[in-house]
Structure formats: C-alpha cells, structure tokens
Amino acid sequence: MNTSVKDLIRSRRSVRTFGGAPLRSEDRQKLDAFLKTVDNPFHIPIEFRVLEAKEYGLSSSVIIGADTYVAAKVSRVPQSEIACGYSFEKFCLFAESVGIGTVMLAATISRSAFEKAMDVRDTEVMPVASPIGYPAKKQSVREKLMRKGIRADERLPFDTLFFENSFAQSLSPERAGIFRDALEMTRLAPSAGNRQPWRAVVCGDRVHFYEKKTKAMQNNPLGDIQKVDIGIALAHFDLALKEAGAIGRFAAEDPGLGTDDQTEYIVTYEGDR
Ligand SMILES: Cc1cc2nc3c(=O)[nH]c(=O)nc-3n(C[C@H](O)[C@H](O)[C@H](O)COP(=O)(O)O)c2cc1C
C-alpha cells in the first residue's frame, strides 16, 4: 500500500451506492493478488472468493450498482470471527487504497445464495460479504438515511472506549503514550450497526482488549458478529502500530480485571520493551 494505513483508515467509509462500471482488469488483478496474501495474527486461514452476482443469484437490499462481491468463510474454531474481521478489514483497506469501495454486510444479503456460492459446510461460517466497485458520485437517499439512522459518521469518545489499569479509570489520548495513535485508529473502526463493541485497558506495555456485547446482537445462529467487529478494531490497532515500527504480539493472557456481565475478555497485545 502506498498510502499510509492511518490515512486509509481515516478516509474509508462504507460504500453502498456504486457507479455501475465493471472493475478494470488491472484493479481486479490487484485485488485477486492481495486476497491470496491476506493473513491475520491468529493464524486462522480465511477463504476468500470473488463472486459474480449474476452467476450465483446474489443480491443485497442495500446495494446499488455493484455486480461483484467478495465473501469470506472460515472453520468454526475459537477466534474464527475475530480472525475473519481482521483479514477482511485488511482487504477493505487495501481496496480503499486502489479506489475501490466496500461495505461489510452480515444481515442485508441474500445469505443462502451467498453460502451456496461459497460452499459453506456445517463446520464453517461465512460471517460477511462485501460488494466491490467504484463508488458513485452521490449516495442513494436510502444510504444517506441509513447512515443518519445509525450515526455512521460518529464514533464514541476515546475516554469512553479506553481505560488505564482497570475499567474504573478512563484513558485520555494524552495519557495513552505509545498507544495513542493506534487506539485512535481502533476508535475509527467500522462495526455492525455502528455499535463499536471494542474496549481496551492499557496496563504499561500491554493492552487488554474486550468485547462489550450488545444484547440484541447476541444469540445469533451465525455466531457472534460483534467478534468480527473486534477483529476489525484489532486490525486497525495492529496495522497502525506496525506502520509506526512497533513490534509486539497478541496472546490470550486474561489479567482478570473486574468487568460487567456484558463485557468479555478477548486478547492482549504485548509490546516489546
Ligand atoms: C461486521 C459488520 C457487519 C455489517 N453488516 C451490515 C449490513 O448487514 N448492512 C449494512 O448496510 N451495513 C452493514 N455494516 C456496515 C456498518 O453499518 C458500518 O460499518 C457502520 O455504520 C460505520 O460506517 P462506516 O463503515 O461508513 O464507517 C456492517 C459492518 C460490519 C463491520
């Protein structure tokens, strides 16, 4: 990617209204090549496929002007949704760098047609798919209303999402030290319904990540879609740190901090001293 990850994160918006032009072959080649390399720090393989809507009868009630989709499937293993969110977001940011619009769709797709096109087996799940195409100059009225309804251009404040040493102490950007920019990038992540379920507690050179669950989004037979959101947020955090030259890793090391019933520990980032 030539543009910085931070600039791509800042400029990316979900695109639901496309101009209708087919993908140029050089752009399609770039996407295909990138999809072959997309990895995640959880080492869980994600299978991506580029699908033509007409060939498989795919549709989405919110999409206008795109005939090509990317979908991802993964084996139902622990952390699979997180890994899928991470890898899918890495792809979306790459697409942004070549001027191609995306929007992750979990609910508003013809799911059975997508799952058939992806050959999803009982042991697998296909959490999200996204159209790929060139954004239209203007959003449809429906898209505008939808964005307004879920306040898609807004994010929760830094000190509501991030904490210091325990959930009792909010973290200000000024006190976030080496993690300041990466947490700001985490804050800007997209999420289902723009619910922003990520929370993080900074303890020295460790950052403990949590999922603050939205009740209405749990008990989904597909699995926990908010874990895809967490994977996206972790991608923003990790890619921003990597770009800044930081070295670290993710590991499951629950520090046992007190949380409310809706908040689940996910993973810890350990920076090298
Ligand atoms: C896991 C996930 C699932 C989503 N599912 C849908 C969906 O079914 N339909 C839709 O229109 N948008 C969907 N979105 C897009 C979100 O509404 C959007 O990311 C959010 O409102 C923030 O807006 P932004 O992406 O423009 O920053 C989904 C996003 C994520 C991350």
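In terms of our numbering, the sequence shown has 28 at position 23, counting the first letter as 1, and numbering is strictly consecutive.
C-beta: ideal position from N, C-alpha, C; glycine also.
Predicted model only: the values in this text are computed from it and were never measured.
Rank Leu-244, Gly-261, Lys-78, Leu-150 by C-alpha distance to the C-alpha of Asn-170 and give the top, closest one. Reading the sequence shown from its first residue, position 165 is the one you call residue 170. Cα-wise, what sits closest to Asn-170 is Gly-261.
Taking buried to mean at least 16 other C-beta atoms within 10 Å of its own C-beta, is Ile-68 buried or exposed? Numbered from 1 along the sequence shown, position 63 holds the residue referred to as residue 68. So Ile-68 ends up on the buried side.
Count the other C-beta atoms from every protein chain shown that fall within 10 angstroms of the C-beta of Gly-250, then say buried if there are 16 or more, exposed otherwise. The residue given as residue 250 occupies position 245 in the sequence shown. Classification of Gly-250: exposed, given that the 10 Å Cβ count is below 16.
Contact between the segment 251-259 and the segment 108-122 is defined here as three or more beta-carbon pairs at a separation below 8 angstroms; is this criterion met? no
Taking the alpha carbon of Met-123 as the reference point, which residue from Arg-180, Val-20, Phe-53, Arg-29 has its own alpha carbon closest? On the sequence shown, position 118 is the one that residue 123 refers to. With distances taken between Cα atoms, Met-123 lies closest to Phe-53.
His-213 - containing beta strand (DSSP E), residue span: Taking the sequence shown and counting its residues from 1, the one referred to as residue 213 is at position 208. Run containing His-213: 211-217, per the beta strand (DSSP E) assignment.
Tell me whether Val-82 is buried or exposed, calling it buried when 16 or more other Cβ atoms sit within 10 Å of its Cβ. As a working mapping, residue 82 is identified with position 77 in the sequence shown. It counts as exposed.
Between the Cα of Val-146 and the Cα atoms of Gly-276, Thr-22, Arg-17, Ser-9, which residue gives the shortest distance? Within the sequence shown, residue 146 is the residue found at index 141, counting from 1. Out of Gly-276, Thr-22, Arg-17, Ser-9, the CA that lies nearest to the CA of Val-146 is found in Thr-22.
I'd like to know whether the C-beta atoms of Thr-264 and Phe-172 end up nearer to each other than 8 angstroms. Looking up residue 264 in the sequence shown gives position 259. Looking up residue 172 in the sequence shown gives position 167. Taking 8 angstroms as the Cβ cut-off, Thr-264 and Phe-172 qualify as a contacting pair.
Range covered by the beta strand (DSSP E) that runs through Arg-204: On the sequence shown, residue 204 is found 199 positions in, with the first residue counted as 1. Segment 203-208, the beta strand (DSSP E) holding Arg-204.
Would you kindly check if the distance between the Cβ of Ala-77 and the Cβ of Val-133 is under 8 angstroms? On the sequence shown, position 128 is the one that residue 133 refers to. On the sequence shown, position 72 is the one that residue 77 refers to. Result yes, Cβ atoms of Val-133 and Ala-77 sit closer than 8 angstroms.
Stretch pair the segment 177-189 + the segment 237-247: three plus CB contacts closer than 8 angstroms: yes
Spatially closest choice to Asp-44 from Leu-161, Arg-204, Ala-88, Ser-115, by CA coordinates: The residue labelled residue 44 in the question sits at position 39 within the sequence shown. Taking only the C-alpha atoms, the option nearest Asp-44 is Ala-88.
With DSSP as the reference, please indicate the residues paired to Phe-255 in a beta bridge. For this step, residue 255 is matched to residue 250 along the sequence shown. Bridge partners of Phe-255: Tyr-274.
Taking 7 angstroms as the cut-off, is the CB of Gly-209 close to at least one heavy atom of ligand 1? Sequence index remark: in the sequence shown, residue 209 carries index 204 (1-based). Checking the Cβ of Gly-209 against ligand 1 gives no.
Return yes when the C-beta of Asp-234 is under 7 angstroms from any heavy atom of ligand 1, and no when it is not. For the purposes of this step, residue 234 is identified with residue 229 of the sequence shown, where counting begins at 1. Because some heavy atom of ligand 1 lies under 7 angstroms away, the Cβ of Asp-234 counts as near it: yes.
Could you have a look at Ala-173 and say whether DSSP puts it in helix, strand or coil? Residue numbering aside, residue 173 sits at position 168 when the sequence shown is read from its first letter. Reduced to three states, the DSSP call for Ala-173 is strand.
So who's on the other strand from Leu-262, going by DSSP bridges? Counted from its first residue, the sequence shown places residue 262 at position 257. Answer by DSSP bridge pairing: none, since Leu-262 is not bridged.
Hey, would you say the C-beta of Ile-51 is under 7 angstroms away from at least one heavy atom of ligand 1? For the purposes of this step, residue 51 is taken as the residue at position 46 of the sequence shown. Ile-51 Cβ: outside cutoff for every heavy atom of ligand 1.
Helix, strand or coil, according to DSSP, for Ile-110 in the structure here? Residue mapping note: residue 110 aligns to position 105 of the sequence shown, counting from 1. Checking the sequence shown, residue 110 turns out to be Leu, not Ile. Reduced to three states, the DSSP call for Leu-110 is strand.
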